[in-house]
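J.:
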Amino acid sequence: MVYNAKRDLIWLILRPWILIPRIIQIIFIIIKFIIRFLLEANSEDKNVQKGLAEYLLNTISKLGPCFIKLGQALSTRPDLIKQEWLDELTRLQDDLPRFDHKIALKIFETEIGQPVDKIFTDFPNEPIASASLGQVYKAKLDKDYTVAVKIQRPNLTYIIRRDLVIIRIIAVISKPFLPLNLGFGIGEIIDEFGISLFKEIDYEQEAKNAERFAALFSNNKTIVVPRVENIISSKKVITTSWIEGIKMKSRGELIQNGIDPTAIIRSAVTSGIQQLLEFGYFHADPHPGNLFALKGKTINRGHIGYVDFGMMDYINDKDRITLTGAIVHLINNDYLLLAKDFQRLGFLSSDQNLDEIAVVLKEVLGGVINKDVNSLNLKTVTDKFSDLMFDYPFRVPSRFALIIRAVVSQEGLAIRLDPDFKIIRFAYPYIAKRLLTDQSEELLEILMDIIFDKQNKLRVDRLESLLEVIEESSNQPIWDLLPVARNGVKLLVSSKGSNIRKKLLMSLIKNDEFNIDEMKELLKLISKKFDPMAIGTQFIKN
């Protein structure tokens, strides 16, 4: 079954004996929490806050899978949620009440066609983890091969279908009273959530997602994806190889196990950026219960295991390229180009005056972006950007719901391991390297916008800035710059490089006179960054 808001609304309205009691139950549970929250939220007593956090966890757990998924999203934001609450909300990821073991065994036998004792050499009497949609068993196919067997909760399709309709009704009724200006109906947010949730409970689709994700990272030693055992998988059961690792919940726990948190963050963020800006296919639910830190290290990056591939999504090529440009334009204070990026992405209407928007962007974001790039975090930018939503005609396209969730969750997870983490510090070097090594026409166009101004003057300072962020992020800067040099030479002599050759020639002419100042600066930069002696020394060291 797939999500269909209109069909499901009619289905539930025609069953008032289901609809009315459930709405009353949900409202009653929420009101009870609100009353306690109003009474205790401002208390400075840690025991009171801990008790309130436990009550919040119990409230969300009582409300069921749909509400638990929303709570999981909150559990990834240590910068938004009190620590006492965060500790409890984290339990929503894999520490929820378990359903009856006998029911789980019956579901397995119905789905696979055989009981567990006919397939596994060892199958435990209780799950090792229990999450919102299912519970996981650590079993053995033979003495040397351990697997994870995830069995879906009973009646899940019915429960999710019912509660999504009710959540949508409550959200639409509540919208006028909420401090939101999203630019589109809150119902659309619920619809995106519903579509992804129905995909998530199809374990056959999850198996395909895992295999596709594994193929994308097949040449990356730092990313581990469990192998799917398709013969022992179905719509409601999925069996994969077992990943032994440390859940990315605590910096101290990683250090105790000999794992470098910074290296782990580097891998997690780099892989997340690759998914969004390179592959166009991404894990939309990267909370600490779905990522494991593994022992081992490749250069300055840690090893990570991904699990749970139910919530995946695509970003089309056009949006992917535009997002890449938007990040660079934001950092370089190119507000008119940034406004154009927002228009291409659908955040602004096609008839909007971009010159006016560029001025507004500069006023609102200028003070933030003029800081050191390494000091920026996503929350600082999004907080400023949210101000624009109320006063100017910005709208957030609904297709960005899961993209925003993935990025926000990714940064939240990293902040949990390093409170001083700044996502831009890790993202920008990756983007800079892609711009200087990828020869796709779209990325070349972005690069041209960066290093040449409107008068076709070469901006050597911009090129130097791109090279510097690559250097500063690397343990072996010379080694990381060599692909840049190689691709630069290839580009200049290729047919794709005709535009850049033309612009370089035009930059030599100023006021109808021959001018080589910029070319001198460029040659000086090349000799500085690609010093043959330094390259030779690094080669010998390696």
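In this note's numbering, the protein residues as written are 14 to 555.
Where is the CB? At the ideal position from N, CA and C, for every residue including glycine.
Here the structure is a predicted model, which is why all the values come from computation and not from measurement.
Report the residue from 507, 461, 451 whose alpha carbon sits nearest the alpha carbon of residue 497.
T.: 451
J.: When you compare the region 409-416 with the region 354-366, are there three or more beta-carbon pairs, one atom per stretch, that lie closer than 8 Å?
T.: yes
J.: Apart from the five residues just before and just after residue 65, which ones in its own chain have a Cβ nearer than 6 Å to its Cβ?
T.: 53
J.: Between which two residues does the beta strand (DSSP E) carrying residue 159 extend?
T.: 158-165
J.: Where does residue 196 fall in DSSP's three states?
T.: Low per-residue confidence applies at residue 196: pLDDT is 49, beneath 50, and the placement is therefore not dependable enough to give any value.
J.: Using only the alpha-carbon positions, how far apart do residue 251 and residue 423 sit?
T.: 25 Å
J.: To the nearest angstrom, how far is the alpha carbon of residue 49 from that of residue 75?
T.: 16 Å
J.: If you draw a straight line from the C-alpha of residue 85 to the C-alpha of residue 425, how long is it?
T.: 12 Å
J.: Buried or exposed: which applies to residue 262, given that a residue is buried once 16 or more other Cβ atoms fall within 10 Å of its Cβ?
T.: Around the beta carbon of residue 262, 16 or more other beta carbons sit within 10 angstroms, so the residue counts as buried.
J.: Going straight from the alpha carbon of residue 196 to that of residue 495, what length do you get?
T.: Low confidence applies to residue 196: its pLDDT is 49, below 50, so where it sits in the model is not reliable enough to give any reading.
J.: Would you kindly work out how many angstroms separate the C-alpha atoms of residue 265 and residue 151, rounded to a whole number?
T.: One C-alpha to the other measures close to 26 Å.
J.: Residue 456 and residue 337 look like a contact to me (Cβ under 8 Å); what is the Cβ gap, rounded to whole Å?
T.: 7 Å
J.: Counting along the chain, where does the beta strand (DSSP E) carrying residue 507 start and finish?
T.: Note, residue 507: premise wrong, no beta strand (DSSP E); not H, not E.
J.: So, helix, strand or coil for residue 297, using DSSP?
T.: coil
J.: Considering only residues of the region 218-302, which uninterrupted beta strand (DSSP E) runs meet the minimum length of 3 residues and lie entirely inside it, listed in chain order?
T.: 250-254, 294-296
J.: Which residues in the same chain as residue 303 place their Cβ atom closer than 6 Å to its Cβ, once the five residues preceding and following it in sequence are excluded?
T.: 320, 321
J.: What first and last residue would you give for the alpha helix (DSSP H) that runs through residue 306?
T.: In the DSSP annotation of this structure, residue 306 is not part of any alpha helix (DSSP H); the continuous beta strand (DSSP E) holding it starts and ends at 304-311.
J.: Within a Cβ cutoff of 6 Å, which residues of the same chain sit near residue 334, ignoring the five residues on either side of it in sequence?
T.: 455
J.: Give every residue of the same chain whose Cβ lies closer than 8 Å to the Cβ of residue 350, excluding the five residues on either side of it in the sequence, and list them in chain order.
T.: 338, 342, 462
J.: Distance, Cα to Cα, residue 202 vs residue 274?
T.: 34 Å
J.: Under 8 Å by Cβ, that's how I've got residue 520 and residue 469 pegged, so tell me the actual separation to the nearest angstrom.
T.: 6 Å
J.: What three-state label does DSSP hand residue 467 in the structure shown?
T.: coil
J.: Can you list, in chain order, the residues of its chain whose CB lies under 6 Å from that of residue 207, leaving out five sequence neighbours each side?
T.: Excluding sequence neighbours, residue 207 sits near 16, 177.
J.: Give the DSSP-derived three-state secondary structure of residue 144 in the structure shown.
T.: coil
J.: Within the same chain, show all residues whose beta-carbon is closer than 7 Å to that of residue 219, passing over the 5 residues directly before and after it, in chain order.
T.: 251, 322, 323
J.: Can you give me the start and stop residues for the alpha helix (DSSP H) that residue 44 sits inside?
T.: Segment 29-53, the alpha helix (DSSP H) holding residue 44.
J.: With residue 315 as the anchor, note down where its beta strand (DSSP E) starts and where it stops.
T.: 314-319
J.: Is any heavy atom of the ligand ADP found at a distance shorter than 7 Å from the C-beta of residue 365?
T.: Summarising the ligand content, the structure contains no ligands, and the ligand ADP is consequently not present.
J.: With respect to the alpha helix (DSSP H) encompassing residue 354, which residues constitute its N-terminal and C-terminal limits?
T.: 348-358
J.: Leaving out five residues before and five after residue 129 in sequence, what residues of the same chain have Cβ atoms less than 7 Å from its Cβ?
T.: Only residues of its own chain outside the window of five on either side were considered, and among them 118, 121, 136 have a CB closer than 7 Å to the CB of residue 129, listed in chain order.
J.: Should residue 51 be labelled buried (16 or more other beta-carbon atoms within 10 Å of its own) or exposed?
T.: exposed
J.: Just tell me which of 100, 126, 276 has its CA closest to the CA of residue 244.
T.: Nearest option by C-alpha distance: 126.
J.: Looking at the secondary structure, which residues open and close the alpha helix (DSSP H) in which residue 16 lies?
T.: Counting along the chain, residue 16 falls outside any alpha helix (DSSP H), and DSSP gives it neither H nor E.
J.: Quick test of your reading: residue 449 and residue 500, contact by CB under 8 Å. State the CB separation rounded to the nearest angstrom.
T.: 7 Å
J.: Please confirm if the region 253-262 is in contact with the region 288-295, defined as three or more CB-CB distances below 8 Å between the two stretches.
T.: Contact between the region 253-262 and the region 288-295 is absent, because fewer than three Cβ pairs lie under 8 Å.
J.: Since I believe residue 210 is in contact with residue 79 (beta carbons under 8 Å), could you give me their beta-carbon distance rounded to a whole number of angstroms?
T.: Contact flag correct, Cβ pair sits at about 7 Å.
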